[in-house]
Structure formats: structure tokens, C-alpha cells
DNA sequence: CCCACTTTCGCAACGCTGTTGCCAAAGTGC
DNA sequence: GCACTTTGGCAACAGCGTTGCGAAAGTGGG
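This is the structure in C-alpha cells:
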């Protein structure tokens with residue numbers, strides 16, 4: 001029961017009874033969500049949370065009164081009164097996720113379960129200025145909003161985009177090729193315009209959060225290889241962003257001292273080596289380089305799993321998975337440790353957008369940075 | 001208010017009133033400890049924790065009744081009743097820290113403040129077998145125990161040693177050169193023998209914890225360059241160990257693909273390159289290599305600070321600090337981000353031992369993985 | 001079919017948490 | 001010397017999870 005305040009200078013906060021209730025409620029909601037359509041009984045909730053059955057009954061009674069949970073049938077009896085199955089009511093709340101890609105905006109409306117209810121796309125031109133971009137996003141959000149049950153406003157809007165940014169303040173930094181966006185307070189500008197809470201994060205973090213919420217447990221790294229190379233790190237179920245939202249700079253990890261120059265000004269970065277090999281058609285070599293970077297990451301953080309995604313990976317998924325798996329397997333053999341599995345990330349083209357929506361929903365389920 | 005369970009498969013635990021009290025009490029104790037001899041007033045505690053003054057009064061009253069805190073003078077008045085200053089009573093509890101180095105055992109007795117009250121050393125021979133080593137450690141602990149005020153038993157014993165191990169179970173893995181120690185349940189064996197709780201961890205983690213508790217805030221990496229190269233990572237005030245206590249494998253990070261072979265079986269590891277350069281007398285090159293590894297770490301985790309330690313660093317501290325600082329400075333210049341400071345770690349030869357003692361004390365102050 | 005048994009789950013009383021309202025204590029400053 | 005400010009304890013309180021107990025809803029043997 002400890003607040004995870006990663007930022008330096010942030011104070012550790014005391015907890016009162018309200019915080020206690022939120023915590024336990026979020027825990028129960030998360031278990032309900034994870035159980036999905038199958039549902040989960042009160043006693044199972046009690047076992048999983050460590051709370052007494054009576055406490056769970058009180059919490060779930062509140063959730064049912066609020067319309068967030070409902071009874072859904074019964075389990076088979078084991079000799080006594082059969083357990084009542086509870087499940088989340090997905091349509092009790094919605095969130096919008098927006099993915100600002102290079103030249104396209106993808107927006108999705110998801111329910112509490114994280115299922116995509118509706119989607120919209122529109123072209124994106126960051127050079128057209130803040131006003132035009134904001135209007136475009138607002139238009140997509142408005143269109144999606146009307147599709148939510150009862151037309152109720154969404155709980156919030158999550159926005160994911162590449163460049164470096166400050167997740168806490170929702171301010172952009174150095175958007176590649178568009179210096180006019182430097183320091184733009186995207187979160188506040190959008191929140192003022194839409195009248196709902198807005199959360200901003202890097203695309204890789206959103207994708208990783210989406211995967212974590214989608215069922216990938218423990219600690220893992222999502223490596224995204226597209227026109228660039230970045231990573232989203234999930235440690236103990238929460239996205240690790242670092243104090244300045246700078247974590248996950250995987251691509252400019254140096255794996256070849258004094259190697260070929262990279263666009264960032266350094267030499268021998270994984271991104272340069274990897275994309276260089278891809279350009280030469282040497283996909284296997286690219287996979288090996290990516291594997292070396294992944295092995296460094298595994299050693300430093302002791303993660304459970306590596307997930308690969310991005311357009312370049314999706315072009316030849318087998319080669320990349322096999323290549324990275326090979327490097328990590330050899331490493332495990334040397335160290336005598338466990339072999340870290342490597343898999344292709346699910347999610348497809350909407351992975352980032354639906355992950356962005358989870359930026360809003362995650363705090364409800366106790367997975368946020370509160 | 002969320003439990004940080006890094007391990008996969010561990011359940012998120014619900015919180016009851018007892019947990020609430022422990023949490024807030026630990027928070028207050030931590031602030032008292034941080035305030036040191038200067039002390040801190042009730043109202044300051046209330047501001048820092050976010051609790052109401054009355055709640056702080058109740059908590060501190062309990063602490064005073066338990067002998068853990070005491071009143072210590074008054075602040076100057078600002079126009080009304082002057083604030084009463086509270087401080088931790090350091091001698092209210094003690095812990096023992098044991099550092100099993102290659103050929104020497106260093107043990108310290110520290111008080112609640114973390115100050116070293118007494119110390120003992122003895123030669124260490126891991127080849128002499130478990131019984132002999134355990135007897136040696138028990139002898140040191142017994143000697144230190146008699147020095148504690150009133151001869152009361154310590155709160156526990158923290159043991160730090162190099163090799164890979166399982167912090168959760170307190171079991172050793174593959175101690176270099178001594179295969180007979182593989183899988184030895186050091187924690188339980190010692191706890192049975194001493195009759196007090198025992199915590200086991202890697203030396204680098206203990207050192208990092210000691211630094212974190214000693215006042216280094218935020219997220220930082222402690223890089224230890226001695227006969228090997230390892231790292232202790234502190235993220236948001238807590239040591240990051242990973243699910244298998246494998247995190248911090250900094251030395252076998254590859255920074256030179258297909259580079260010179262390393263003892264681990266891989267090629268181009270930082271450790272091999274760095275120590276190779278040191279052996280050739282090229283300290284500046286060693287520092288540059290170390291800096292490259294540190295830069296990779298900074299990029300991946302977005303940490304606030306890099307601390308250097310270990311015998312090899314201490315031989316030429318200026319060269320290493322300057323070299324690593326140079327690489328990180330150049331990186332900050334390229335990315336436009338903040339320059340991550342590089343400093344020499346304080347602590348000296350007892351850094352690991354006193355950090356090991358903090359393995360026991362940290363949970364009391366809410367910094368543990370309890 | 002009935003009855004004993006098991007299991008689930010809600011109601012009521014309870015202990016304990018932090019919170020609120022109020023007042024005594026202990027200073028400053030005109 | 002008196003008005004004022006600030007600190008901090010006492011007492012009453014709301015709300016949390018817990019405990020004790022009983023109703024509800026099944027199974028299974030006679």
C-alpha cells in the first residue's frame with residue numbers, strides 16, 4: 001500500500017479512508033474486467049484481493065448500485081448454495097483514444113472492457129497549425145461521442161503521439177520536423193475545447209499500456225520498429241515513464257561503439273544499425289541487432305517478456321521473432337537463467353489508439369499513476 | 001495507493017485499516033528520519049503527507065508512546081504558539097548489515113537513523129563450506145548484538161553478497177567458483193540459527209538502497225566497478241530488482257557487437273571492454289565505455305542521477321566521473337534534454353554493509369517491497 | 001419426499017481509522 | 001494588559017473493513 005511516485009520531488013501521500021475505498025474498489029473492478037464475460041464470484045474476489053467476503057459484498061453492492069457491475073448467472077454448486085457470478089457492465093462508461101500518426105489520425109471509442117465500439121479516421125497534417133489539428137481531433141471525438149450509449153460524454157480522451165513529451169503536464173517537446181509545436185500544451189488545449197479530461201502520452205507507452213490491460217501480465221517490454229525504434233516498458237503492471245516521460249529511448253541505445261552515424265548525432269545506435277540492415281535487405285541481421293538491444297534490456301530490468309510490433313516487424317514477423325528469440329535464448333543458455341519469451345504484439349493498426357483510451361480507463365482500475 | 005508487486009503472478013492485495021495505519025505510520029517515520037537531528041513539526045508532517053494535523057497528532061502520539069519518536073524543543077514563533085519539534089529516537093531499534101565480500105566479511109550495527117554504531121570484520125572463505133561460513137556470520141552478529149542498547153535483539157539481519165540470487169526466497173544461485181553453494185537457502189538457514197528475520201540481496205542493490213535511504217532522492221543508478229561491473233537501480237525511491245532479482249545486469253550489456261569476448265561467453269560486453277581498458281592503463285577509454293553504458297541506461301529508464309563506486313573507480317575517481325559526465329553531457333546536448341548529473345557514491349568500504357542493514361529497516365519506513 | 005448438511009451472502013453490531021468542531025495553551029505585538 | 005494568532009489535544013462523528021449470526025439455496029442420504 002504504497003503510492004508509486006516516480007517523480008523526484010513528489011511527496012509520498014498519506015492515505016485516508018476515501019483513498020482506502022478507491023483502492024479496494026479499483027482492485028475489484030480490475031478483477032471484474034480481467035474476468036471478462038466469464039465473470040467472477042464474490043468469494044473468488046475475496047480470495048484474490050485478500051479482503052473478507054463481507055467486504056467484497058459491500059464493495060460489489062456499491063458497484064451494482066452504480067451500474068458498474070451486475071449479476072450474471074450462477075456457478076455449479078459444490079454441495080451448497082451456488083456462487084453468484086458477477087461481471088463488469090462494459091457499457092457503463094466509455095473512453096476515446098486518439099492516435100496521432102505521421103499523416104493520419106485514428107480515433108476509437110472503447111467501453112469499460114476495452115473493446116472498440118466505434119472508430120474514425122482522418123488525414124493529419126501537423127504543418128497546418130495547432131488550430132486545424134485541434135479542430136480535426138475535436139471533430140473525430142464529437143462523431144464518436146454520439147455513438148456512445150445514451151450519448152453520454154466519455155470519461156475522457158487519451159491522445160498518443162510519437163515525439164518526446166511531458167506526460168504529467170501534457171506538453172509536447174520537439175516534434176520532429178515541426179518546431180512550431182515545441183512546448184505546445186496539448187492536454188490543456190484539448191481539455192478546454194472538449195470539456196472532458198485529456199491525457200497525453202507517447203505512442204509506445206499507449207501501446208504497452210493497451211497490451212498490459214489486455215491481459216499481458218507482469219513486466220514486459222514492447223519494442224516498436226516502424227520508421228523509428230522505440231520501446232514501452234511495463235514494470236509490475238504499470239507503464240514506466242520516468243520522471244520526465246523520457247523512458248523507453250530504446251532506439252538510441254548504443255550497441256556498436258564508434259559504429260555508423262545515426263540521425264541523432266551519436267554512433268552505433270540500435271535504430272541506425274537495425275534500419276540500415278533492413279534497408280539493405282538483411283532482415284536477419286536487423287533481427288540480430290534488435291535482439292542484442294533486447295538482451296541488454298532484459299539484463300538491466302529482468303523483464304518477463306518481449307513483444308514486437310510496428311510496420312517493419314509486421315512486414316516479416318517470423319524473421320524478427322526468430323532472430324530476437326535466438327539472441328535471448330543464447331543469453332539464457334549462458335547465464336543459466338530462464339528464457340525470456342518473445343512474441344508478436346497483438347493489437348494491429350488500432351493498438352495505439354485503443355491503448356490511448358486506456359490512459360483514461362487505467363486509473364479506474366488502479367493501474368494508473370493516479 | 002497501490003501495492004507495487006513487481007513479480008508476475010503475484011496478486012494485488014486489498015488494504016484494510018491495519019494496512020492503512022502501517023502505511024501512514026511508515027510515512028511519518030520516514031519523514032522523521034529524513035529530518036534527522038533538525039527534527040520536524042507536526043504541521044510540517046501534515047503538509048508533507050497530506051494528512052490532517054489531527055491525524056498526525058494521533059500517529060505521533062502512538063510513536064511517542066512506543067518510544068520511536070520524542071519531542072525535541074520548539075521552533076521560533078511566527079505570531080502564535082511555537083511549533084513543537086519532533087524527532088526520531090535512533091536508539092529505539094537496531095539492525096545488522098553483513099557484507100560477504102570475496103575474502104572478507106564486514107558487519108555493522110546501525111541504529112534507526114542508519115548511523116553505524118559498531119562494526120566487526122572477519123576473513124571469509126566460501127570454500128570452507130556452509131557450516132563454517134554460517135558460524136562466522138553468527139559470531140559477528142552475536143558480537144554486534146551485545147553492543148546494542150540494552151542488549152535487545154536487532155530487528156533483523158540484512159546480508160549482501162555478489163552473485164546472482166533470489167531476494168524473495170533468500171536462495172543463492174551459482175556463486176562464482178563455488179558450485180557447492182548453488183541453491184543454498186541462506187536466508188532461512190541464517191534465520192533459524194540467529195532467531196531473527198534475515199533478508200538477502202545483491203551487494204549492488206544493498207549499496208543502492210543505502211544511498212537512497214541516505215538522502216539520494218528520485219530515481220538513480222549506482223554503478224559499481226570493482227573486479228566486476230554491476231548496477232543497483234532505484235526507481236522512485238525503491239530498489240528495482242525485477243521478478244527474479246536479476247535486474248542490474250549492467251556489466252554484460254553489449255555495447256560492441258561482435259567485439260572482444262567476455263568471460264560470460266558473449267562478446268563486446270561493457271565489463272570486458274571497460275576492465276580491458278583499465279588493464280591496459282587506458283582509464284579514460286574505460287570511463288568512456290562506462291559512460292556509453294550509462295547513457296544507454298539513462299535513455300531506457302530516464303533516471304535522474306548516476307552514482308559511481310567500487311575499487312576500480314575509487315582508484316581514479318576524477319577520471320571516471322569526468323569521462324562518464326562527458327558522455328552524458330554530449331547526449332543531453334544532442335537530445336535537448338536535461339543533463340543527468342554524475343557523482344561519486346558516498347559510503348566508502350562500509351557502504352554495502354550499512355546498505356544491507358537498510359534491507360531490514362527500509363520496510364519500517366515504507367520503502368520496502370514488503 | 002423430507003431432512004440434515006454445506007455453502008453463499010446479507011444484516012447488524014463492532015473496533016478502528018482519519019475528520020471535524022471546539023477549546024485550552026502559548027506565544028506575539030500594539 | 002489585552003487582542004490576536006497559531007498550535008495541538010479532547011470529544012463526537014462518519015465511514016472503512018471485520019465479526020457474529022441467520023436466511024437463502026443448493027446437494028445428498030434415508
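Residue numbers (my numbering), protein chains in the order written: chain L, 1 to 370; chain U, 1 to 370.
Each residue gets a CB set at the ideal place from its N, CA and C atoms; glycine is no exception.
Fair warning: this is a prediction, and the values are worked out from it, not measured in the lab.
Check	Outcome
Cβ of residue 271(U) within 8 Å of any chain L Cβ	no
Residue-level contact to chain L via CB, residue 264(U), 8 Å cutoff	yes
Cβ-Cβ distance between residue 360(L) and residue 199(L) below 8 Å	yes
Chain-ordered chain U contacts of residue 86(L) [CB-CB under 8 Å]	Within chain U, no residue comes near residue 86(L); the closest Cβ sits about 16 Å away, beyond 8 Å.
Neighbour list for residue 254(L) in chain U, Cβ cutoff strictly below 8 Å	255, 292, 295, 296
From 343(U), 214(U), 261(U), residue whose alpha carbon lies closest to that of residue 357(U)	214(U)
Test: residue 42(L) CB closer than 8 Å to a CB of chain U	no
Neighbour flag for residue 315(U) against chain L, beta carbons, 8 Å	no
Cα-Cα separation between residue 58(L) and residue 47(L), rounded to whole angstroms	15 Å
Every unbroken beta strand (DSSP E) within the stretch 150 to 191 of chain L, with a cutoff of 3 residues, ordered by chain	157 to 161
CB contact below 8 Å: residue 205(U) versus chain L	no
Per-residue DSSP class, three states only, for residue 202(L)	strand
Closest Cα partner of residue 230(L) within the set 235(U), 301(U), 166(U), 191(U)	301(U)
Contacting residues, own chain, Cβ-Cβ under 6 Å from residue 162(U) (five flanking each side not counted)	203
Collapsed DSSP secondary structure at residue 22(U) in the structure displayed	helix
Test: residue 20(L) CB closer than 8 Å to a CB of chain U	yes
Contact list for the stretch 299 to 315 of chain U against chain L, Cβ threshold 8 Å	299, 300, 301, 302, 303, 304
Nonlocal neighbours in the same chain, by C-beta distance under 7 Å from residue 362(L), ignoring five residues either side	209, 213, 368
Straight-line Cα distance separating residue 31(L) from residue 18(U)	23 Å
Neighbour flag for residue 175(U) against chain L, beta carbons, 8 Å	no
C-alpha gap between residue 82(U) and residue 13(U), whole angstroms	42 Å
Three-way DSSP call (helix, strand, coil) for residue 223(U) in this model	strand
Those runs of the alpha helix (DSSP H) which lie wholly inside the stretch 317 to 359 of chain L and span at least 4 residues	317 to 335
CB contact check: residue 362(L) to chain U, cutoff 8 Å	no
Cβ-based contacts, 9 Å cut-off: residues of the stretch 23 to 35 of chain U near chain L	23, 24, 26, 27, 28, 30, 31
Alpha-carbon to alpha-carbon, residue 197(U) and residue 127(U)	26 Å
Rounded Cβ spacing between residue 334(U) and residue 264(L) (contact assumed at less than 8 Å)	6 Å
Beta-carbon proximity of residue 89(U) to residue 76(U), cut-off 8 Å	no
Backbone secondary structure at residue 64(L) - three-state DSSP	helix
Residue 258(L) versus residue 104(L): straight-line alpha-carbon distance, rounded	37 Å
Contacts of residue 137(U) in chain L (Cβ-Cβ under 8 Å)	Within chain L, no residue comes near residue 137(U); the closest Cβ sits about 26 Å away, beyond 8 Å.
Every unbroken alpha helix (DSSP H) within the stretch 26 to 75 of chain U, with a cutoff of 4 residues, ordered by chain	42 to 49, 53 to 65
C-alpha distance - residue 326(L) paired with residue 313(L), whole-angstrom precision	16 Å
CA nearest to the CA of residue 181(L), picked from 155(L), 167(L), 133(L), 219(L)	133(L)
First through last residue of the alpha helix (DSSP H) which encompasses residue 288(L)	283 to 301
Contact list for residue 421(U) against chain L, beta-carbon separation under 9 Å	Residue numbering for chain U in the displayed model covers 1 to 370; residue 421(U) lies beyond these limits and cannot be assessed.
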